[in-house]
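Worksheet for the structure shown next.
There are 2 protein chains.
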Amino acid sequence: MKLTTPPRVSPQQFDVAMQAMAGVVGKDWVMASDADRDAYADAYAPGPQEQWPAGAAVAPASVEEVQALVRLANEHKVPLWPVARGKNLGYGTAAPRMAGSVVLDLGRMNKILELDDKLAYCVVEPGVGFFDLYEEIQRKKLPLWMSVPGNAWGSVIGNALEHGIGYTPYGLHARNLCGVEAVLPDGDVVRTGMGAMKDNPAWHLFPMSYGPTFDLAFTQSNLGVVTKAGIWLQPAPESSLELVFDIPEAGDVGWVVDTIAPLKISGLIDQNVFIPSWLGKMVLKGQRKDFWDKPGAIPEWRVQELLKEHKLGYWQVALRLYGEEPVVKAKAEIIKAAMAKNLKAPPAENWWRSGDPIHAYETTMGIPSAVPLQMSDWIGGRGAHMGFSPVVPATGKHVQGQMELSRKIIDSFDVDFYASFTIGGRFANNVNMLMFDRDQPEQIATMKKLFNALIDETAKAGYGEYRTHLGWMDRVMDTFDFNDGALRRFNEKVKDALDPNGIIAPGKQGIWPSAYRDQAKEGRA
Amino acid sequence: MKLTTPPRVSPQQFDVAMQAMAGVVGKDWVMASDADRDAYADAYAPGPQEQWPAGAAVAPASVEEVQALVRLANEHKVPLWPVARGKNLGYGTAAPRMAGSVVLDLGRMNKILELDDKLAYCVVEPGVGFFDLYEEIQRKKLPLWMSVPGNAWGSVIGNALEHGIGYTPYGLHARNLCGVEAVLPDGDVVRTGMGAMKDNPAWHLFPMSYGPTFDLAFTQSNLGVVTKAGIWLQPAPESSLELVFDIPEAGDVGWVVDTIAPLKISGLIDQNVFIPSWLGKMVLKGQRKDFWDKPGAIPEWRVQELLKEHKLGYWQVALRLYGEEPVVKAKAEIIKAAMAKNLKAPPAENWWRSGDPIHAYETTMGIPSAVPLQMSDWIGGRGAHMGFSPVVPATGKHVQGQMELSRKIIDSFDVDFYASFTIGGRFANNVNMLMFDRDQPEQIATMKKLFNALIDETAKAGYGEYRTHLGWMDRVMDTFDFNDGALRRFNEKVKDALDPNGIIAPGKQGIWPSAYRDQAKEGRA
Chain F
1 MKLTTPPRVS PQQFDVAMQA MAGVVGKDWV MASDADRDAY ADAYAPGPQE QWPAGAAVAP
61 ASVEEVQALV RLANEHKVPL WPVARGKNLG YGTAAPRMAG SVVLDLGRMN KILELDDKLA
121 YCVVEPGVGF FDLYEEIQRK KLPLWMSVPG NAWGSVIGNA LEHGIGYTPY GLHARNLCGV
181 EAVLPDGDVV RTGMGAMKDN PAWHLFPMSY GPTFDLAFTQ SNLGVVTKAG IWLQPAPESS
241 LELVFDIPEA GDVGWVVDTI APLKISGLID QNVFIPSWLG KMVLKGQRKD FWDKPGAIPE
301 WRVQELLKEH KLGYWQVALR LYGEEPVVKA KAEIIKAAMA KNLKAPPAEN WWRSGDPIHA
361 YETTMGIPSA VPLQMSDWIG GRGAHMGFSP VVPATGKHVQ GQMELSRKII DSFDVDFYAS
421 FTIGGRFANN VNMLMFDRDQ PEQIATMKKL FNALIDETAK AGYGEYRTHL GWMDRVMDTF
481 DFNDGALRRF NEKVKDALDP NGIIAPGKQG IWPSAYRDQA KEGRA
Chain Z
1 MKLTTPPRVS PQQFDVAMQA MAGVVGKDWV MASDADRDAY ADAYAPGPQE QWPAGAAVAP
61 ASVEEVQALV RLANEHKVPL WPVARGKNLG YGTAAPRMAG SVVLDLGRMN KILELDDKLA
121 YCVVEPGVGF FDLYEEIQRK KLPLWMSVPG NAWGSVIGNA LEHGIGYTPY GLHARNLCGV
181 EAVLPDGDVV RTGMGAMKDN PAWHLFPMSY GPTFDLAFTQ SNLGVVTKAG IWLQPAPESS
241 LELVFDIPEA GDVGWVVDTI APLKISGLID QNVFIPSWLG KMVLKGQRKD FWDKPGAIPE
301 WRVQELLKEH KLGYWQVALR LYGEEPVVKA KAEIIKAAMA KNLKAPPAEN WWRSGDPIHA
361 YETTMGIPSA VPLQMSDWIG GRGAHMGFSP VVPATGKHVQ GQMELSRKII DSFDVDFYAS
421 FTIGGRFANN VNMLMFDRDQ PEQIATMKKL FNALIDETAK AGYGEYRTHL GWMDRVMDTF
481 DFNDGALRRF NEKVKDALDP NGIIAPGKQG IWPSAYRDQA KEGRA
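Taken in order, these protein sequences are the chains called F and Z. Each residue of the first sequence is one higher than the one before, starting from 1 at the first, in the working numbering. Each residue of the second sequence is one higher than the one before, starting from 1 at the first, in the working numbering.
Spelled out as structure tokens, the structure:
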């Protein structure tokens, strides 16, 4: 990809900035060739990658180098787009929102600084991936479990900062963050919580600061570059039981949610409960063309045939309990009795006890896996996906209503419907996975129109997305319309105060510094 | 109390401002007489109330009135000190940090806007007290339990914003906040989380915003005036079991914490576990003079006699489990077995089942009570108390070390030692309650010196306070010394951007707007 420079920066000025940054990190860690720019493009871009081009990438090895780079970014007016490991697939991967931004690749900062099995937490740098942390825990044979997203290629911190979710009792990853270190846009370093006191041992244990608490203000944020953070981990339980329920009909999701959510809210179930539809299983069994080889959505009669052939319910709920065996048994009886009110078939029961082997693909036990990426093969060609991800109240009425709404819209575009709901407490995260072949321009054109329609119609129904792809960050921010966009106004005021040159991640989540507010219309999908 | 005006405001200018504010709220709701000022003084002030004098108080009835008052405060350069119900006893009550600030009394905004038993949350205005909410839940016979602080005189929102704690599974009150509405220092109104979209039903259910999340940035904060918030409530369990353990020796607290904290972190115990020392029971049995009538601390031999006479352990742990009976039973067996390793005597067991009456003073069941205020009578005269409240890791080593440290300091001032620890997860909140007679100047002088010593010595040991009294807000902020006070620097930068005239709560938690930074040395105790 050819060079695109940031607004009002000439190629010569950009080159001077890159040379200055090379003085900080060494020239091997400034990546500014056409091939480098390709490497940092969005591999799943819905459209040409050139729509979200990085000017270059630079990879620091320490907090001090991050500080120096941030100061140079101010001096040269070259904005930085921080990524942890750049694996935010479906939401933009490593590519920046604003054309010409320099990707600040934190992948080299990959130290596990603390790993404490007694108080069950770790302190990591952004470059630490789920697989890295998992291997370290295994190597040290520590009784700790992680919470991982479906596809665990990425960074532990990066995923938490982007509000990623997993399927364990620690599944709301941003809520596991405790004590953050961030480099501010002026190059200063701040530590939140008890870490604001030197060497305070409660930094990663007590989740509040003395005074205002900003940990979550650094998530989905362009207020600073998070350089380390504490993450709470799950103490390994002595036993665990999986209850697998096949739920026959699409319309059953209402009672399923009305059965499970109260048990989740009461604390009987502590896991984030994942409710995926049948396509989640099918993508692991082959490619789409093996089951339906015509364009357009798989028709309903064929869906029903496939469910019968493969003995699948429309939804499958693999619910997992954790803890001491007598407690788990007592909980399981209550769950089974509650589900039996609407479902005759008893669940499959899979016990695990301390010392038993764990399957490689057990996200509900915190084992990192990249199996869900199999999905990209489903459609064929250069397969990719996007997720449309609104949040709804965890009631059958809202979940069913949202399911029907998105299904109707997706059907009307003749696209396969593949939904999941994850009950995280009082809310459910709905992900509508949209798969497409990047080499089929008409598929991409459809996807973009469909995505717009989903955002707009879902907002009309009153729901908002909890994260989104680069190309829709502004459109989604537009849907947050209370008091004429008060939240954006507030965010931009704080942004301008902390970052007068707008050099950290301009446009992130639709929040623009005044220096680049004129760019908000560019790069929209 | 005579009029003290804010810095650089003459009595005449102040009067003009008060008249303008009366134009918003009506003249009955501007309270500016000497008697009014007394009413808003710190009833527990360690020293003369005149040290933290309000200029007046003004009580709005709506968000719109708050906006109008904030705009007038900017116009007249008269700062506001928001209080919910002004019951922050031991930390300053309703009094402002900066002399002459006008107390913004939100007590009239006392509507319960939503109360949802299915998703277990409420939406309340700041004037709603724990007793108000409790009565409304009882009146509607809803299966909801609250979490209340020991003394529940105050506001539900105010307590959560000040990082108050309770003794239920919802005991970390700030973490129950979900979706905040705040009037900003410029009079604008913002809603966080999904409330940034008009009429989004997930506002008080999903705890994150699209983009940065600022809910906790409005706690212990002067960045805005919180005018309503969602608060998560506990679904009423079908049964509950209290296990009461008497712990004989002061030095036992180490193994107690090492037994309970892992069960709390693993989720077997979901309650915040309160571990008070014996004096918490004694203050309910009479006055200090009934047990020891000499000045100075009660000597150790007399403490041992009292414990024997009253059949008290040095500590008492009243642990409570909640949920379905078979689950509670299974959990109880595990806890009893764990405690039995160090304690021969089995616990007293008190079962409660749905429909049973609940005692009026059951903080572990979320019943609001003012019984702990009894403490103020212990010392006699105009009794008052202050709490020295550091946070430590929830391990025996840290808890025991902190206990011994504060005990040594308190002993050296010849003052009674009355400590408690609350295990909130990976951390424990330590409160050292210091009781004094406001009519004994030498007691007050001792208290102030003691409090300074506690802050300084505890910070040297590496621990910080999670909240403190007005007079020590700056001193405690001084202990947060990482990177030359980076957290304060960051806070003050944000503060100045949002509040250029510094009119919301200057000095709150040691954070001063530039307009009043010259006042930071005034009002220190």
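Don't be surprised by glycine CBs; every beta carbon is placed ideally from N, CA and C.
When you compare the CB of Z/D290 with every CB in chain F, is at least one pair closer than 8 Å? For Z/D290, no Cβ of chain F is located within less than 8 Å of the residue's own Cβ.
Within chain F, the residues that Z/E333 reaches when beta carbons sit closer than 8 Å: Here the neighbours are P326.
From F/F131 to F/F274, what does the alpha carbon distance come to, in whole angstroms? Rounded to whole angstroms, the separation of the alpha carbons of F/F274 and F/F131 is 22 Å.
Please determine, among Z/L144, Z/G251, Z/E242, the residue with the shortest C-alpha to C-alpha distance to Z/A120. Of Z/L144, Z/G251, Z/E242, the residue nearest in Cα terms is Z/L144.
Just the Cα atoms here: how many angstroms apart are F/K198 and Z/L487? Counting only the Cα atoms, Z/L487 lies some 11 Å from F/K198.
Secondary structure of F/P513, DSSP reduced to three states: Residue state, collapsed to three classes: coil.
At which residues does the beta strand (DSSP E) containing Z/F421 begin and terminate? Membership of Z/F421 in the beta strand (DSSP E) is indicated by the continuous run 419-423.
For Z/L268, collect the residues of the same chain with a Cβ closer than 8 Å to its Cβ; drop the 5 residues on either side in sequence, then sort them by chain order. K331, I334, I335.
Please check the pair F/A84 and F/I157, which I expect to be a contact at CB under 8 Å, by giving their CB distance rounded to whole angstroms. About 5 Å separates the beta carbons of F/A84 and F/I157, which is inside the 8 Å limit, making them a contact pair.
Under a Cβ-count criterion, where at least 16 other Cβ atoms within 10 Å of its own Cβ denotes burial, should F/P96 be classed as buried or exposed? Burial call: buried.
Which chain Z residues are close to F/F490, counting only those with a beta carbon under 7 Å from its beta carbon? L184, V190, listed in chain order.
Short of 9 Å Cβ to Cβ, which residues in the region 209-222 of chain Z face chain F? Listed in sequence order: S209, Y210, G211, P212, T213, F214, D215, L216, A217, F218, T219, Q220, S221, N222.
Looking at F/Y210 and Z/Q509, is the spacing between their C-beta atoms short of 8 Å? Cβ atoms of Z/Q509 and F/Y210: closer than 8 Å.
Is Z/S277 buried or exposed, if buried means 16 or more other CB atoms sit within 10 Å of its CB? Per the 10 Å Cβ criterion, buried.
For a contact meaning CB atoms closer than 7 Å, what does Z/V391 contact in chain A? The structure shown has no chain A; the protein chains it does contain are F and Z.
Just reading off the beta strand (DSSP E) that F/Q316 is part of, what are its end residues? Looking at the DSSP string, the run of the beta strand (DSSP E) that includes F/Q316 is 315-323.
Looking at the structure shown, is Z/D186 part of a helix, part of a strand, or coil, going by DSSP? In this structure, DSSP gives Z/D186 a state outside helix and strand, which the three-state scheme calls coil.
What are the start and end residues of the alpha helix (DSSP H) that includes F/P390? The continuous stretches of alpha helix (DSSP H) do not include F/P390, which lies in the beta strand (DSSP E) extending over residues 390-393.
Throw me the rounded Cβ distance for the Z/L216 and Z/A182 pair, which I believe falls under 8 Å. Not a contact, Cβ separation roughly 12 Å.
Taking any Cβ of chain F, which residues in the region 120-149 of chain Z have a Cβ under 8 Å from it, in chain order? Listed by position, the residues of the region 120-149 of chain Z near chain F (Cβ gap below 8 Å) are A120, Y121.
Could you tell me if F/G55 is buried or exposed, where buried requires 16 or more neighbouring beta carbons within 10 angstroms of its beta carbon? F/G55 is buried by the Cβ-count criterion.
Is there contact between the region 443-460 of chain F and the region 304-319 of chain F, where contact requires at least three CB pairs shorter than 8 Å? Contact check between the region 443-460 of chain F and the region 304-319 of chain F: fewer than three CB pairs, one atom from each, fall below 8 Å, which does not count as touching.
Indicate whether Z/N429 and Z/Y466 have their beta-carbon atoms separated by less than 8 Å. In this structure, Z/Y466 lies closer than 8 Å to Z/N429 by Cβ.
Other residues of its chain near Z/Q304: CB distance less than 8 Å, five sequence neighbours each side excluded: Cβ within range, chain order: n/a, list empty.
Would you be able to state if there are at least three C-beta pairs under 8 Å between the region 283-300 of chain Z and the region 336-345 of chain Z? Judged by Cβ distances under 8 Å, the region 336-345 of chain Z makes no contact with the region 283-300 of chain Z, as fewer than three pairs qualify.
Are the C-beta of Z/H398 and some C-beta of chain F separated by less than 8 Å? Interface residue, yes.
For Z/G127 and Z/N110, believed in contact at Cβ under 8 Å, the rounded distance: About 3 Å separates the two Cβ atoms, so the contact holds.
Quick check on the burial criterion: 16 or more other C-beta atoms within 10 angstroms. Buried or exposed for F/L284? Classification for F/L284: exposed.
Need the endpoints of the beta strand (DSSP E) that Z/F245 sits in, please. Counted as a single uninterrupted DSSP element, the beta strand (DSSP E) harbouring Z/F245 occupies residues 239-247.
Should F/Y361 be labelled buried (16 or more other beta-carbon atoms within 10 Å of its own) or exposed? Label assigned to F/Y361: exposed.
8 Å Cβ shell around F/T364 - same chain, five flanking residues per side excluded: The beta carbon of F/T364 sits closer than 8 Å to the beta carbons of Y167, T168, E242, Q271, F274, A318, R320 from its chain, once the five residues preceding and following it are set aside; these are given in chain order.
For F/A520 and F/D38, the rounded distance between their alpha carbons: Between F/D38 and F/A520, the C-alpha separation is close to 23 Å.
Indicate whether F/V124 and F/I112 have their beta-carbon atoms separated by less than 8 Å. Going by C-beta atoms, F/V124 is nearer than 8 Å to F/I112.
Report the option in F/P393, F/Q13, F/G23 whose CA atom is closest to the CA atom of Z/P207. Nearest option by C-alpha distance: F/P393.
Nearest-angstrom Cα distance between F/F480 and Z/A196? Approximately 5 Å, taken between the alpha carbons.
Would you mind reading off the limits of the alpha helix (DSSP H) that contains F/S442? The question names Ser, but residue 442 of chain F in the sequence shown is Glu. Residue range 441-460 is occupied by the alpha helix (DSSP H) that includes F/E442.
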